[in-house]
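This report refers to the structure that appears directly beneath it.
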Amino acid sequence: MKNLIAFALLVFTLVSGSQANALKVTGPRSVRIRVLSYNIKGLPAFINPSYDVSRYSDIGKILAARKAKGTAPDIVLLQESFDSPTVDLRRAAKYPYEFAGPSSTKIINSGLFVLSDFPIVAKSSILYGANDCGTWDCFASKGAQMVRVQIPGVPYALTLVNTHTQSGKKYEVPREAQLQDLSVFLRDVLPTNEGAIIGGDINTSPS
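Numbering-wise, the working numbering puts 96 at position 96 of the sequence shown, and it's gapless, one number per residue.
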C-alpha cells in the first residue's frame with residue numbers, strides 16, 4: 001500500500017519539479033504545491049463484495065503520516081469514493097477542507113471528493129446526462145466538480161477540476177457526451193488569465 005501511494009504521488013504530483021512548473025507569484029519567489037489525483041476503487045459491496053474496506057483507512061493514515069513529514073499532497077482529487085466506508089480515508093487523512101461531488105437520485109453518488117490543506121473559497125459541480133452511460137456506470141451520479149483554493153503567496157485563487165467519465169472502450173458514445181458536458185462546464189468555470197489544474201479519471205488514452 002505504501003508503494004502504491006508513493007507511485008501515485010510520483011505520477012500525479014504537479015508543480016513539484018523545475019522552476020518552470022511553479023505557480024507564478026509577484027516578486028522573485030515561487031510557490032510549489034503537490035496535487036494527487038487518485039481513483040481509490042471504492043466500489044460498493046453489491047458490485048464487488050470481496051473488497052477489503054480496511055484499505056481506505058490505511059490510505060488515509062499513510063497520507064496523514066506524509067503530512068506529518070511534510071511530503072503529502074496539498075490537495076487530493078478522489079474518484080470512486082462511492083462506498084460509505086471510504087469516509088474512513090477522508091477522516092484519517094485529516095485535510096481541513098473538503099468538497100463532495102454532485103449527487104442525484106441514482107443508487108450511487110459521484111464518487112468525487114476534493115480534499116485540501118488550503119481554504120476552498122468557491123465551488124461548483126455538474127451532473128452528466130442521466131442516460132449518457134453504460135453498464136455499471138449507470139448506477140453512479142457521474143459528473144465533475146470545481147474548486148478554487150486560496151494558497152498563501154499566490155495572488156489569485158487556484159482553480160482545480162475533478163471528474164470521472166464513462167469507462168470501457170466500447171462506451172465511446174456516452175463518454176464523448178460526458179466530455180461535451182465537461183467542455184461546457186470548463187468554459188463556465190475556468191479563469192481566462194490564471195492557472196488551473198484539471199484532474200480525474202478520464203478513461204481515455206493520451207491520444
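Heads up, the beta-carbon is just placed ideally off N, CA and C, and yes, glycines get one too.
Residue i and residue j closer than 9 Å at C-beta
{"i": "Asp-137", "j": "Ser-167", "result": "yes"}
{"i": "Ala-144", "j": "Leu-115", "result": "no"}
{"i": "Leu-179", "j": "Thr-165", "result": "yes"}
{"i": "Ser-141", "j": "Ser-110", "result": "yes"}
{"i": "Ile-120", "j": "Phe-99", "result": "yes"}
{"i": "Asp-132", "j": "Pro-174", "result": "yes"}
{"i": "Gly-199", "j": "Leu-77", "result": "yes"}
{"i": "Gly-134", "j": "Tyr-171", "result": "yes"}
{"i": "Phe-82", "j": "Tyr-97", "result": "no"}
{"i": "Tyr-56", "j": "Val-35", "result": "no"}
Contacts around residue i, its chain only, beta-carbon distance under 6 Å, and the 5 residues preceding and following it disregarded
{"i": "Leu-160", "result": "Val-147 and Ile-197"}
{"i": "Val-126", "result": "Here the sequence assigns Ile to residue 126, which means Val is not the residue at that position. If we look at Ile-126 and ignore the five residues flanking it on each side, its Cβ neighbours are Gly-143, Ala-144 and Phe-185."}
{"i": "Lys-41", "result": "Glu-80"}
{"i": "Leu-63", "result": "Ala-72 and Ala-93"}
{"i": "Ala-122", "result": "Arg-148"}
{"i": "Asp-181", "result": "Tyr-128"}
{"i": "Ser-54", "result": "none"}
Beta bridge counterpart(s) of residue i as assigned by DSSP
{"i": "Gly-143", "result": "Leu-127"}
{"i": "Asn-39", "result": "Gln-79"}
{"i": "Ile-120", "result": "Val-149"}
{"i": "Tyr-97", "result": "Ser-116"}
{"i": "Ala-196", "result": "Thr-159"}
Bounding residues of the alpha helix (DSSP H) (the contiguous stretch that carries residue i)
{"i": "Leu-186", "result": "172-189"}
{"i": "Tyr-56", "result": "54-69"}
8 Å Cβ shell around residue i - same chain, five flanking residues per side excluded
{"i": "Ala-177", "result": "Tyr-128, Gly-129 and Asp-132"}
{"i": "Val-189", "result": "Ser-124, Met-146, Thr-159 and Val-161"}
Endpoints, the beta strand (DSSP E) within which residue i is located
{"i": "Leu-158", "result": "158-164"}
{"i": "Asp-74", "result": "It is not in any beta strand (DSSP E) - Asp-74 carries neither H nor E in the DSSP assignment."}
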